[in-house]
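Enquirer: What follows is a single structure, and I will ask about it in a moment.
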Amino acid sequence: MAALIDSGTSVRDALDSAAIAIAAAGCETPKLDAEVLLADVLDVDRARLLTDRDLTVAGPAVRAFQDAVRRRAVTREPVAYITGRRGFRHIELRVDPRALIPRPETELLIEVALALPPRARVLDVGTGSGAIALALAHERPDLEITGSDVSEPALELARANGQRLGLPVRWLLADLLDGMPDEFDAVLANPPYVAEGERGTLAPEILRHEPAGALFAGPDGLDTIRVLLAQLATRECVRFAALEVGAAQADAVAELLPDAGFREVRAERDLAGIERVVVGRRP
Numbered sequence: 060m061a062a063l064i065d066s067g068t069s070v071r072d073a074l075d076s077a078a079i080a081i082a083a084a085g086c087e088t089p090k091l092d093a094e095v096l097l098a099d100v101l102d103v104d105r106a107r108l109l110t111d112r113d114l115t116v117a118g119p120a121v122r123a124f125q126d127a128v129r130r131r132a133v134t135r136e137p138v139a140y141i142t143g144r145r146g147f148r149h150i151e152l153r154v155d156p157r158a159l160i161p162r163p164e165t166e167l168l169i170e171v172a173l174a175l176p177p178r179a180r181v182l183d184v185g186t187g188s189g190a191i192a193l194a195l196a197h198e199r200p201d202l203e204i205t206g207s208d209v210s211e212p213a214l215e216l217a218r219a220n221g222q223r224l225g226l227p228v229r230w231l232l233a234d235l236l237d238g239m240p241d242e243f244d245a246v247l248a249n250p251p252y253v254a255e256g257e258r259g260t261l262a263p264e265i266l267r268h269e270p271a272g273a274l275f276a277g278p279d280g281l282d283t284i285r286v287l288l289a290q291l292a293t294r295e296c297v298r299f300a301a302l303e304v305g306a307a308q309a310d311a312v313a314e315l316l317p318d319a320g321f322r323e324v325r326a327e328r329d330l331a332g333i334e335r336v337v338v339g340r341r342p
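Quick note, our numbering runs 59 ahead of the 1-based positions in the sequence shown.
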């Protein structure tokens, strides 16, 4: 990062130097990471970095960018935690280590939920940053949406996102459905589904920085899903359930849904072709 020491460094030189450092750390998208971090520091969009020839990295921005690149390269902190925000569907969320960073594949839960009937009462279990609940509230303002989480710090983040976005979501502290009112028509969930044996395969960004409680769920990754489905079996008012699952888990989860009373079961594929969301309906 020596190229950033002098004030007035060109954007191109700053990006090249940063990308080299980030690539050397083993990050998969060094050029993109450098661009996102520099755009954040300079408070411009990424397009301007490439088109504004008069733009330089100077003054306080020098140290701020150096610090951001150090966090990315040395500690492998996720870019979203460094910038403090992440786009999800048509909204932008504040994110930090209190909750998982929303992933593009989770947007599939919103896609399947858009078909819910008017004024349906929807529960987003394990809401984290509030991504699912808030994105759905943004696109289907007629729905009555509640977000719940076992983590009070995560709920604080979700509440703050809801207040900033001005979206009417109710937030409840709960361990899955324990103590929850029996009033919901639909349940959505992106539960922990990583098997304990896969811990060593995760990227440092995930393993070092994202909350383990939102990731791991027993030997096969299905412990949390089993508990949730057992709870749903006693809640006949829930006519629709959609669960995000890991790669190669869809068949196993689809086999569990009928025992919870869901007869119409299907799996939806994400953009990578992976069966990512298992949907069940009660006839």
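Beta carbons are placed, not taken as given, at the ideal position from N, Cα and C, and that holds for glycine.
Is the beta carbon of residue 301 sitting closer than 8 Å to the one on residue 324?
Expert: No, the Cβ-Cβ distance between residue 301 and residue 324 is not below 8 Å.
Enquirer: Any idea what DSSP makes of residue 124, helix, strand or coil?
Expert: Reduced to three states, the DSSP call for residue 124 is helix.
Enquirer: Put residue 60 into one of helix, strand or coil per three-state DSSP.
Expert: Interpretation of residue 60 is limited by its pLDDT of 47, a score under 50 that renders its predicted location unreliable; the figure taken from the coordinates is listed afterwards. The answer is coil: DSSP assigns residue 60 none of H, G, I, E or B.
Enquirer: Look up residue 207 in the DSSP assignment and give the residues it is bridged to.
Expert: Paired residue(s): 184, 231.
Enquirer: What alpha helix (DSSP H) runs, 4 residues minimum, are completely inside the segment 65 to 105?
Expert: Counting whole runs of 4 or more residues, the segment 65 to 105 contains the alpha helix (DSSP H) stretches 70 to 83, 89 to 101.
Enquirer: Only counting the same chain, and skipping five residues up and downstream in sequence, which positions put a Cβ closer than 6 Å to that of residue 299?
Expert: Hits under 6 Å: 245, 340.
Enquirer: In three-state terms, what does DSSP make of residue 151?
Expert: Reduced to three states, the DSSP call for residue 151 is strand.
Enquirer: Taking only the alpha-carbon atoms, compute the straight-line gap between residue 216 and residue 311 and give it to the nearest angstrom.
Expert: Taking the straight line from one Cα to the other gives about 32 Å.
Enquirer: Determine the extent of the alpha helix (DSSP H) in which residue 267 is found, giving its start and end residues.
Expert: 263 to 268 is the extent of the alpha helix (DSSP H) around residue 267.
Enquirer: If you follow the alpha helix (DSSP H) that residue 425 is part of, which residue opens it and which one closes it?
Expert: Nothing about residue 425 can be reported from this structure: the residues present for the chain run from 60 to 342 only.
Enquirer: Can you name, in chain order, every residue of its own chain whose Cβ lies under 8 Å from the Cβ of residue 296, other than the five neighbours on each side?
Expert: Cβ neighbours of residue 296 beyond the five flanking positions: 241, 242, 243, 244.
Enquirer: For residue 200, which of 334, 178, 258, 165 has the nearest alpha-carbon?
Expert: Among 334, 178, 258, 165, the Cα nearest to that of residue 200 belongs to 178.
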